[in-house]
Amino acid sequence: MAAQTTTGRKDVDLAECALLQGEEWEVLESIYPDCVSGDPSSGLVKLEIPIEFSGPKAVYVLDDRIEPPYTTADSERIGTGPSFVPESPSLSLATLPPLLLDVMLPATYPYSPPVIQSLHATQSWLPVCTQLRRILLERWQDGEGVLYNWIELIRSGEFLEELDMCSEVNGKEAVRISHPAPHMLIPLLKACDQSAQLTRFSQASYECQICLTSIKGARCILLSCQHVFCRACLEDFWRLCITEGDVGHVGCPDPQCVKAGREANEEEVRRVVTEEEVRRWKWLREKRELEKDPSIIHCPMSFCQRPVPKPVNVDDGSGWERLRECLDCGYSFCAYCKRTWHGPLSDCPISMTESFVLEYLAQPEGSSEREVLERRFGRNNIRRLVAKYEEEQANKQWLEDSTMSCPSCHVYVEKSLGCNHMTCAKCKTHFCYRCGEKLQASNPYVHFSTPGQRCYSKLFDFQSIDDEWQPVEGFELL
Amino acid sequence: MDARLRRVNKEIADCKNDKSSNIDIDLVDNSPFHLIGSFDGPEGTPYEGGHFEVDIVIPDSYPFQPVKMKFITKIYHPNVSSASGAICLDILKDAWSPVLTLKSTLISLQSLLCSPEPRDPQDAEVAKHYMTSKSSFEETARYWTEIYAGGPGKAGKGKASGPRDEIAMAGLDSAHVQQFQSLGFEKSKVIDVLRRMNYRGANVANINDDRVVEEMLKP
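From first to last, the protein sequence lines stand for chains P and H.
Here the first sequence is numbered in the UniProt record's numbering, starting from 1 and rising by one per residue.
Here the second sequence is numbered in the UniProt record's numbering, starting from 1 and rising by one per residue.
Pasting the structure below:
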């Protein structure tokens, strides 16, 4: 056989070789099921080995038509030398496209070297492979299987060092690829790296910290802060936040990210919730931005409600500062009475409907005065207006009784539990829930701890909670 | 089974299996949504030796909204209301995250006992006491631990025996109380006023006797 003549050994036991080859192949198939194919008994095998760095690495793609090919001596100064000022910024890649090897295993392998029939890099990112071929063959030792060694050398990217393709840039290891057409290669490398990472992510399992279940990556979402959660949990969480208008919490649920106030970006939100919820989320964000400005008034048209900013370049006190023009529906109105714009000079018209509704209500039911008013304005119309008025009053009453408004932005707040020191969720003003007074942000509790103040020692309302305490036996006796 | 129930059950089981954290969670009325958590007062604090119980209510939207917790065991701490047990800890409010669990929240409460934040108090009076005289505050906190949380007494005999000392409960000096009592005021009134005025330690020098009397004469 040819192989025997090359090694010059005639005493090789072919059966033993077949056994060793079979064993080596079995091991490879179990460790790298995705990298190996073919049948060693036919003497031909195929290796497809992706390059996977332990973490993202800087990769520079240089145009080899401009840059002279580096010699080993040059590579020493590449990190700092003026010749290594890449036009394009480095890529950050965790993987490089796989190398394809067609290997012929002689019957006498591993007592004779394997033969590399072809060595080719996917996307041709490694144009010259002759040096690598030599490096691989040098690794073979008489009587020992070399394929595992090859796969590891390539997969880890170690071979790049031996090919002098590594250099240090800014203290970090970087890979340098010379290629005739960098602008063609760069997008290919990026795409390959991305799809490799995606595959790896979707195949791995992650413990979702919300449902406390281990879930396949394909059903998880990797957020830009690198935290992973299952899609179902994020969907429930964000949907609730969006429904409740709590736009500030639509973000990574990790406690550190929550404390840092890291909100999700549009792409992340889009991946998790429905189109309609995305729209509401965007609207809420816009609204929040606009509401930081108290001069903004929502369009009084019930179908519109667009926030309308103050006109620019108007003098305070000229009357024009009351004008608002809705950009959506075109309605021009007065910021004070929210009625159709009545010019800068005339006062807001008194609410006519309210005055006659009051007049109507002041009369006893079934009286002739009421009948007159009903005839003048129409019975149904009056009833509708009265119902509306009563509802408004009830609403006002409720707001007055059960809520407190923020002294800065006037948003109404209803307290469910906790102390009376409130921080407005919208404008961050500190205020007292009991009396509505604005509190110093630096020391809000002084309001509750200064004797003589009306809210002195009223940080908590005790009446309702007191009952929940078990009486302390004998405490009163003392 | 809904996700909330599944998660709560998992959390309870996890707490039961974890002996090292010394956090216990027990069911109230067999409902997994109303629980009692308990832990020991941390060593090296006035709460050492005490056992503290916390009332836990799991809201419908848990874990997306925070659990409701308050101390059942009375505790003398600047960040816990001495009257109601209400706790205003950031993670129970804005800084809540669905990643936090019952156990991690209870551990946070436990570590709150190690490091009071008097500048962000829940009980302004207790916080003032803490700022005025830390040693006097610690003495009172220890006394409360002894009375309410089964902590060791000064003699180290375990549960406190005999009548409770109201003056010590309020963290006051009995000489001060006697001084005003001798003017003809009732003991409970004196304690109430002196406590509110933070008549303790170096602060005593800042408070004129007239002001105290004036305060006591108020209806």
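For glycine and all other residues, C-beta sits at the position ideal for the given N, C-alpha and C.
On a predicted model such as this, the values are computed, not experimentally measured, just so you know.
Selection from the options that minimises the alpha carbon distance to residue i
i: residue 427 of chain P; options: P:291, P:397, P:404 and P:300; result: P:291
i: residue 417 of chain P; options: H:68, H:142 and H:10; result: H:68
i: residue 33 of chain P; options: P:151, P:117, P:384 and P:111; result: P:151
i: residue 407 of chain P; options: P:433, P:246, P:311 and P:198; result: P:433
i: residue 144 of chain H; options: H:91, H:19 and H:50; result: H:50
i: residue 414 of chain P; options: P:421, P:402 and P:420; result: P:402
i: residue 447 of chain P; options: P:420, P:284 and P:301; result: P:420
i: residue 17 of chain P; options: P:370, P:225, P:301 and P:114; result: P:114
i: residue 43 of chain H; options: H:22, H:191 and H:65; result: H:22
i: residue 198 of chain H; options: H:186, H:215 and H:184; result: H:215
i: residue 302 of chain P; options: P:339, P:437 and P:309; result: P:339
i: residue 182 of chain P; options: P:163, P:126 and P:31; result: P:126
Segment limits, alpha helix (DSSP H) that includes residue i
i: residue 486 of chain P; result: Nothing about residue 486 of chain P can be reported from this structure: the residues present for chain P run from 1 to 478 only.
i: residue 22 of chain P; result: 14-31
i: residue 52 of chain H; result: No alpha helix (DSSP H) contains residue 52 of chain H, which is instead part of the beta strand (DSSP E) from 51-57.
i: residue 88 of chain H; result: Run containing residue 88 of chain H: none; DSSP gives neither H nor E here.
i: residue 180 of chain H; result: 174-181
Residue interval of the beta strand (DSSP E) (run including residue i)
i: residue 117 of chain P; result: 115-121
i: residue 426 of chain P; result: Premise fails: residue 426 of chain P is in no beta strand (DSSP E) and is neither H nor E.
i: residue 403 of chain P; result: That residue, residue 403 of chain P, is in no beta strand (DSSP E); it is neither H nor E in DSSP.
i: residue 26 of chain H; result: 24-28
i: residue 58 of chain P; result: 44-63
i: residue 213 of chain P; result: 213-216
i: residue 221 of chain P; result: 220-222
i: residue 282 of chain P; result: Counting along the chain, residue 282 of chain P falls outside any beta strand (DSSP E), though it belongs to the alpha helix (DSSP H) covering 275-291.
i: residue 69 of chain H; result: 68-71
i: residue 39 of chain P; result: 36-39
i: residue 324 of chain P; result: 323-325
i: residue 230 of chain P; result: 228-230
Rounded distance between the beta-carbons of residue j and residue i, thought under 8 Å
i: residue 454 of chain P; j: residue 435 of chain P; result: 6 Å
i: residue 133 of chain H; j: residue 200 of chain H; result: 5 Å
i: residue 221 of chain H; j: residue 8 of chain H; result: Residue 221 of chain H falls outside the range modelled here, since chain H spans only 1 to 219, and no answer is possible.
i: residue 61 of chain P; j: residue 185 of chain P; result: 6 Å
Proximal residues of chain H, C-beta to C-beta of residue i below 8 Å
i: residue 418 of chain P; result: 86, 88 and 93
i: residue 211 of chain P; result: 3, 6 and 7
Coarse secondary structure for residue i, derived from DSSP in three states
i: residue 186 of chain P; result: helix
i: residue 169 of chain H; result: helix
i: residue 440 of chain P; result: coil
i: residue 145 of chain H; result: helix
i: residue 95 of chain P; result: strand
i: residue 364 of chain P; result: coil
i: residue 169 of chain P; result: strand
i: residue 205 of chain H; result: helix
i: residue 208 of chain P; result: strand
i: residue 305 of chain P; result: coil
i: residue 242 of chain P; result: helix
i: residue 356 of chain P; result: helix
i: residue 39 of chain H; result: strand
i: residue 3 of chain H; result: helix
i: residue 336 of chain P; result: coil
i: residue 236 of chain P; result: helix
i: residue 297 of chain P; result: strand
i: residue 198 of chain P; result: helix
i: residue 409 of chain P; result: coil
i: residue 391 of chain P; result: helix
i: residue 83 of chain P; result: Residue placement at residue 83 of chain P cannot be trusted, given a pLDDT of 46 that sits under 50; the coordinates are not used to answer.
Beta-carbon neighbours of residue i, restricted to chain H and to distances below 7 Å
i: residue 259 of chain P; result: 95
i: residue 402 of chain P; result: Chain H residues near residue 402 of chain P: none, gap ~19 Å exceeds 7 Å.
i: residue 240 of chain P; result: 61 and 64
Contacts that residue i makes with chain P (C-beta to C-beta distance below 7 Å)
i: residue 100 of chain H; result: 255
i: residue 121 of chain H; result: 445
i: residue 16 of chain H; result: Here the premise fails: no neighbours, minimum Cβ distance about 15 Å.
i: residue 128 of chain H; result: 449
Residues that residue i contacts on chain P, provided the C-beta gap is smaller than 9 Å
i: residue 146 of chain H; result: Those within 9 Å of residue 146 of chain H in chain P number zero; the least Cβ separation is about 13 Å.
i: residue 10 of chain H; result: 211, 212 and 213
Any non-hydrogen atom of the ligand MN closer than 8 Å to residue i Cβ
i: residue 372 of chain P; result: As presented, the structure is devoid of all ligands, the ligand MN included, so that no description of it is given.
Closer than 8 Å at the beta carbon, the chain P residues around residue i
i: residue 63 of chain H; result: 210
i: residue 68 of chain H; result: 417
i: residue 125 of chain H; result: 449 and 457
Any chain C beta carbon closer than 9 Å to residue i
i: residue 196 of chain H; result: Among the protein chains in the structure shown, which are P and H, there is no chain C.
Under 9 Å by beta carbon: chain H residues contacting residue i
i: residue 237 of chain P; result: 63, 64 and 98
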